[in-house]
Amino acid sequence: MVLSNNQFTDSIPSSFGNLRNLHSLFLGNNNLIEEIPSSICNLTSLTILSLSRNRLKGKILQCLGNISGLQYVMMSNNNLSGELPLSICNLTSLQGLDLGRNNLMGALPQCLGNMSGHLEVLDMQHNDLSGTLPTTFSIGSALQSFNLHGNKLEGKIPRSSKNCKELQVLDLGDNHLNDTFPMWLGTLPELRVLSLRSNKLHGPIRTSGSEYMFLELRILDLSCNDFSKHLPMSLFQHLKSMRTIDQKIDGLSYELHQHYQDSVDVVTKGLELEVVRILSLYTTIDLSNNNFEGHIPSFLGNLIALRVLNLSHNGLQGHIPPSLVNLSAVESLDLSGNHLVGEIPAQFASLTALEVLNLSYNHLEGCIPQGPQFHTFENNSYEGNDGLREFPLSNGCGNDGHDSVSEENCTGSTLDEESNSEFLNNFWKAALMGFEEVENGWKKLSFGVGTRKAAKLHQQDCNSLEVQEVQGIQATD
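For the record, in the sequence shown the residue sitting at position 307 is 307 according to the UniProt record's numbering, with numbers rising by one throughout.
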């Protein structure tokens with residue numbers, strides 16, 4: 001029964017419990033309120049229960065564990081509260097469990113790890129869950145997406161997670177995990193998205209001597225932790241998928257594709273964007289707000305598929321490596337809040353895809369490169385570097401002491417913080433309108449837009465920004 005994407009209000013009728021031969025019930029994307037009626041548990045033939053994106057409240061029914069044939073339980077984006085019933089672990093056919101964005105609390109059941117032999121998607125992001133991560137992921141795990149972003153989980157990342165050989169997305173960001181970098185995750189051959197941001201991870205990042213580590217990784221977010229020492233050169237050398245630009249669109253290959261939409265929310269270009277089904281194209285490294293030191297490795301210039309590179313707010317020293325000019329696809333580059341010296345490489349003017357640049361609060365000097373993209377960057381991209389010259393700064397580079405590019409020629413392409421310029425309108429028109437398109441049962445692109453500019457991210461609160469992978473169930477025709 002497909003009743004999703006309507007405007008139904010009031011509570012779920014208890015009479016639904018009389019439909020004992022019903023195999024699937026889609027009630028998502030409505031305005032349903034009150035508690036889930038216990039009569040739902042009479043639907044003993046049910047395989048799919050989708051109640052996401054309503055205003056349901058109360059606890060998750062204990063009796064759901066008695067519907068042995070349930071394969072997908074989707075209740076995200078509601079106001080459900082209380083603890084997750086242990087009876088959920090009785091569902092031996094369960095492949096997808098999405099309870100994200102509710103008010104669930106209490107300890108995360110350890111038995112969830114035992115379900116990894118058949119559970120492919122586990123999403124409980126943005127709740128109030130506590131305790132430690134399950135430690136019982138077994139060999140042969142079917143888990144492909146594991147998202148616990150935005151909870152209060154503590155302890156270490158379990159080593160048994162290396163048994164999840166099918167895992168493509170792991171998001172444990174915005175918790176209280178206290179551990180060193182889990183290098184063993186590099187042995188997961190399908191891992192594409194790794195977000196451990198905003199935890200209490202610490203120490204240097206060291207990799208093993210094996211060359212077969214993190215080969216498919218496309219989004220890496222370790223920001224807002226306490227990592228130290230030098231940037232992980234050996235880790236960068238493993239990132240094979242970031243060294244080539246794959247033009248084909250390749251979303252996560254869940255067998256559950258007719259029910260799930262895969263997306264990743266990334267903070268880039270001063271906006272919070274939800275990137276949907278283009279993970280092979282949207283490659284990101286965010287190591288900001290840590291305690292890294294030393295030089296920026298020239299090898300980063302080999303990661304030519306990068307769209308976003310954020311190394312801001314560390315203790316990095318030395319010059320900006322000219323090799324970064326090889327990042328022809330980079331759209332957002334943030335090196336602010338470090339101790340970088342010397343000149344901005346003149347070759348940066350050839351980075352025509354660059355839309356946001358932040359080099360503020362370093363010790364850079366010399367002339368700002370001139371080029372079409374650089375005319376769109378404002379003073380806050382360079383502020384805090386007293387030695388820099390040329391427009392948009394007030395002190396010029398010309399031999400006559402005047403700006404070689406007049407303000408009149410440049411102001412037409414300069415973006416202010418709330419700009420509605422043609423450039424912004426053309427590129428981010430979908431974002432500014434909150435655009436969302438559904439095609440063939442898949443949400444293609446949707447943007448949750450803030451008006452912050454990346455040039456002001458030196459004031460960012462690590463807890464206010466996130467990278468997250470989202471799963472949701474929906475009916476398809």
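No residue lacks a Cβ here, since even glycine has one placed at the ideal position from N, Cα and C. Note that the structure is a prediction, hence the values are computed from the model and not measured.
Span separating the alpha-carbon of Gly294 from that of Asn338:
Using only the alpha carbons, I get a separation of about 10 Å.
Three-state secondary structure assigned by DSSP to Phe236
The answer is helix: DSSP assigns Phe236 an H, G or I state.
Cβ neighbours of Ser253 in the same chain (closer than 7 Å, five flanking residues each side left out):
In this predicted model, Ser253 has a pLDDT of only 49, less than 50, meaning its place in the structure is not dependable enough to derive any value.
Between the C-alpha atoms of Asn178 and Gly131, what's the straight-line distance to the nearest angstrom?
Those two C-alpha atoms are separated by around 12 Å.
CB contact flag (Ile219, Arg192, <9 Å)
Yes, these two residues count as a Cβ contact at 9 Å.
Would you report the Cα separation of Asp174 and Asn18, rounded to the nearest angstrom?
Asn18 has its alpha-carbon roughly 42 Å from the corresponding atom of Asp174.
Option in Trp184, Leu303 and Ser198 with minimal Cα separation from Glu154
Answer by Cα proximity: Ser198.
For Ile139, does the count of other Cβ atoms within 10 angstroms reach 16, so buried, or fall short, so exposed?
Exposed.
Taking the alpha carbon of Met1 as the reference point, which residue from Phe16, Gly315 and Lys200 has its own alpha carbon closest?
Considering only alpha carbons, the answer is Phe16.
Inter-residue CB distance, Val330 and Ala353 (contact presumed, cutoff 8 Å)
Here Val330 really is in contact with Ala353; their C-beta atoms are around 6 Å apart, less than 8 Å.
Leaving out the 5 sequence neighbours to the left and right, which residues in its chain are closer than 7 Å to Ala346 when beta-carbon positions are compared?
Taking C-beta separations shorter than 7 Å and ignoring five residues to either side along the sequence, the partners of Ala346 in its chain run Pro369, following chain order.
Please list the terminal residues of the continuous beta strand (DSSP E) segment that includes Met74.
Tyr72 to Met74 is the extent of the beta strand (DSSP E) around Met74.
Please identify the residue among Leu306, Cys462, Leu108 and Ser223 whose C-alpha is closest to the C-alpha of Leu129.
With distances taken between CA atoms, Leu129 lies nearest to Leu108 out of Leu306, Cys462, Leu108 and Ser223.
Give the secondary structure of Ala353 by DSSP, where H, G and I count as helix, E and B as strand, and everything else as coil.
Ala353 falls in the coil class under three-state DSSP.
Extent of the continuous beta strand (DSSP E) run through Ile48
Unbroken beta strand (DSSP E) run through Ile48: Ile48 to Ser50.
When DSSP builds the beta bridges, which residues end up paired with His202?
BP columns for His202 point to Asp226.
C-alpha gap between Leu316 and Asp226, whole angstroms
Roughly 14 Å between the two C-alpha positions.
For Asn163, which option in Asn147, His149, Leu143 and His176 has the closest C-alpha, if you only look at C-alpha atoms?
The shortest Cα separation from Asn163 among Asn147, His149, Leu143 and His176 belongs to Leu143.
Does Lys162 come out as helix, strand or coil in the three-state DSSP assignment?
The answer is helix: DSSP assigns Lys162 an H, G or I state.
Select from Leu311, His118, Asn127 and Asn385 the residue whose C-alpha is nearest the C-alpha of Asn103.
The alpha carbon of Asn103 has as its nearest neighbour, out of Leu311, His118, Asn127 and Asn385, the alpha carbon of Asn127.
Could you name the residues of the same chain whose beta carbon sits closer than 6 Å to that of Leu172, not counting the 5 residues immediately before and after it, in chain order?
Sequence-distant Cβ neighbours of Leu172 in its own chain, meaning closer than 6 Å and more than five residues away, are Leu148 and Leu196.
Burial state of Tyr361 (16 or more Cβ within 10 Å):
By the 10 Å Cβ count, Tyr361 comes out buried.
Straight-line gap, Lys165 to Met183 (C-alpha atoms, nearest Å):
In a straight line, the C-alpha of Lys165 is about 14 Å away from that of Met183.
With DSSP as the reference, please indicate the residues paired to Gln317 in a beta bridge.
For Gln317, which the question treats as bridged, DSSP gives the partners His295 and His339.
Give the straight-line distance between the Cα atoms of Phe299 and Gly186, rounded to the nearest whole angstrom.
Cα-Cα distance, rounded: 19 Å.
Quick check on this structure: which residue in Asn21, Gly28 and Leu64 has the alpha carbon closest to the alpha carbon of Thr9?
For Thr9, the closest C-alpha among the options Asn21, Gly28 and Leu64 is that of Gly28.
On the three-state DSSP scale, how would you describe residue 482?
The structure shown does not extend to residue 482, since the chain spans only 1 to 477, so no value can be given for it.
Could you name the residues that DSSP lists as bridge partners for residue 524?
Absent from the structure is residue 524, since the part of the chain shown begins at 1 and ends at 477.
Helix, strand or coil: which one does DSSP assign to Ser141?
Here Ser141 carries a coil assignment [DSSP, helix/strand/coil].
Tell me, to the nearest whole angstrom, how far the beta carbon of Ser24 is from that of Ile48; I am working on the premise that it is less than 8 Å.
Ile48 and Ser24 do touch by the CB rule: their CB atoms are close to 4 Å apart, below 8 Å.
Of the residues Leu364, Tyr282 and Met233, which one's Cα is nearest the Cα of Gly318?
Closest option to Gly318, Cα to Cα, is Leu364.
If we ignore side chains and look at the alpha-carbon of each, how far apart do His46 and Ser223 end up?
Checking the sequence shown, residue 46 turns out to be Leu, not His. Roughly 42 Å between the two C-alpha positions.
Residue span of the beta strand (DSSP E) that contains Ile219, given as start and end
From DSSP, the beta strand (DSSP E) with Ile219 extends over Ile219 to Asp221.
Using only alpha-carbon positions, find the residue among Leu340, Leu51, Asn310 and Arg206 that is nearest to Gly384.
Checking every option, the nearest Cα to that of Gly384 belongs to Leu340.
Using 8 Å for Cβ pairs, my map puts Leu239 next to Leu303. What's the rounded Cβ distance?
A Cβ-Cβ distance of about 6 Å is found for the pair Leu239 and Leu303, placing them in contact under the 8 Å criterion.
Report, in whole angstroms, the separation of the C-beta atoms of Ile88 and Gly65, which I expect to be a contact under 8 Å.
With a contact defined as Cβ atoms closer than 8 Å, Ile88 and Gly65 qualify at about 6 Å.
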